[in-house]
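Taking it in order: structure first as structure tokens, then the write-up.
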Amino acid sequence: MFYIQYHDSQGGSQHIIKELRVNDKILGREVRVVGEKGEQLGVMTVAQAKELARRNSVDLVEVAPTSVPPVCRLMDYGKYRYEQTKKEREAKKGQKLSLLKEIRLRPKIGAHDYEAKVRSIRKQLEDGDKVKVTIMFRGREITHSELGIKILKRAADELSDIANVEGQPTLLGSRIHLMLVPKPSNKVKTKEGQTDNAEIKNS
-9 MFYIQYHDSQ
1 GGSQHIIKEL
11 RVNDKILGRE
21 VRVVGEKGEQ
31 LGVMTVAQAK
41 ELARRNSVDL
51 VEVAPTSVPP
61 VCRLMDYGKY
71 RYEQTKKERE
81 AKKGQKLSLL
91 KEIRLRPKIG
101 AHDYEAKVRS
111 IRKQLEDGDK
121 VKVTIMFRGR
131 EITHSELGIK
141 ILKRAADELS
151 DIANVEGQPT
161 LLGSRIHLML
171 VPKPSNKVKT
181 KEGQTDNAEI
191 KNS
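Heads up, the sequence shown is in the working numbering, so the first residue is -9 and it goes up one at a time.
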């Protein structure tokens, strides 16, 4: 038994699918065979087990490679894989995913633009996403970093009804970041078809 790891078409989350040895990929000398309905068919050589599968128009699938001897089952492997994929899709339908989004502000932002940014942050939080609020400085503006911290504190206070602050404001180069996360009571939007990994979108 081994595992295949791959990325989805959007380059997002990784899915792990169990891959079983089937038919000619099964090695060894003897195997314990289980029938299609779970009945015990006994221990036989691999060649005999493959022939039994061929006569019944099914596949010989190794389901317990670490057993002594390994356990193989007679089944329609194509149908099995289809059902497993279908179950995975069904499980994802109800999965609640959270994205990380970034909203950028300037230290000398005007009142109108500030209000628009706060509305945008609120919408992302209501959708269940984390928001990284970033103050961007230019040139010598960084010498007045307290202006940026003041804006971040103001925004956090105005959004305190739906968001919690995660950590403290962080200065990285010419930017100050503050992370806001939705409060547990907020309704989290289900995002079908999105990736499991957090991704950053800029406003």
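Where is the CB? At the ideal position from N, CA and C, for every residue including glycine.
8 Å Cβ shell around residue i - same chain, five flanking residues per side excluded
i, result
"asparagine 46", "Glu26 and Leu64"
Residue i in three-state terms, based on DSSP
i, result
"leucine 115", "helix"
"lysine 173", "coil"
"asparagine 13", "helix"
"aspartate 66", "coil"
"lysine 122", "strand"
"isoleucine 141", "helix"
"leucine 89", "coil"
"leucine 42", "helix"
Buried versus exposed call for residue i [16 or more other C-beta atoms within 10 Å across all chains shown]
i, result
"glycine 138", "buried"
"proline 174", "exposed"
"glutamine 114", "buried"
"aspartate 186", "At aspartate 186 the pLDDT is 39, less than 50, meaning the model places this residue with poor confidence and gives no usable figure here."
"threonine 124", "buried"
"lysine 76", "exposed"
"lysine 107", "buried"
"lysine 143", "exposed"
Contacting residues, own chain, Cβ-Cβ under 7 Å from residue i (five flanking each side not counted)
i, result
"isoleucine 16", "Val36, Leu50, Glu52 and Cys62"
"glutamate 131", "Pro97"
"alanine 146", "Val155, Leu168 and Leu170"
"glycine 157", "Met169"
Separation of residue j from residue i, as counted between CA atoms
i, j, result
"aspartate 119", "glutamate 9", "34 Å"
"valine 171", "isoleucine 93", "13 Å"
"leucine 95", "isoleucine 152", "20 Å"
"serine 110", "glutamate 148", "13 Å"
"histidine 102", "leucine 161", "25 Å"
"tyrosine 70", "alanine 54", "16 Å"
"histidine 134", "proline 159", "15 Å"
"threonine 56", "arginine 19", "14 Å"
"glutamate 80", "aspartate 117", "22 Å"
Cβ neighbours of residue i in the same chain (closer than 6 Å, five flanking residues each side left out)
i, result
"arginine 11", "Glu52"
"tyrosine 67", "Val12, Asp49 and Val51"
Cβ distance (whole Å) where residue i is taken to contact residue j below 8 Å
i, j, result
"alanine 39", "valine 21", "5 Å"
"valine 33", "proline 59", "6 Å"
"phenylalanine 127", "serine 150", "That belief does not hold up - the Cβ atoms of phenylalanine 127 and serine 150 are roughly 25 Å apart, past 8 Å."
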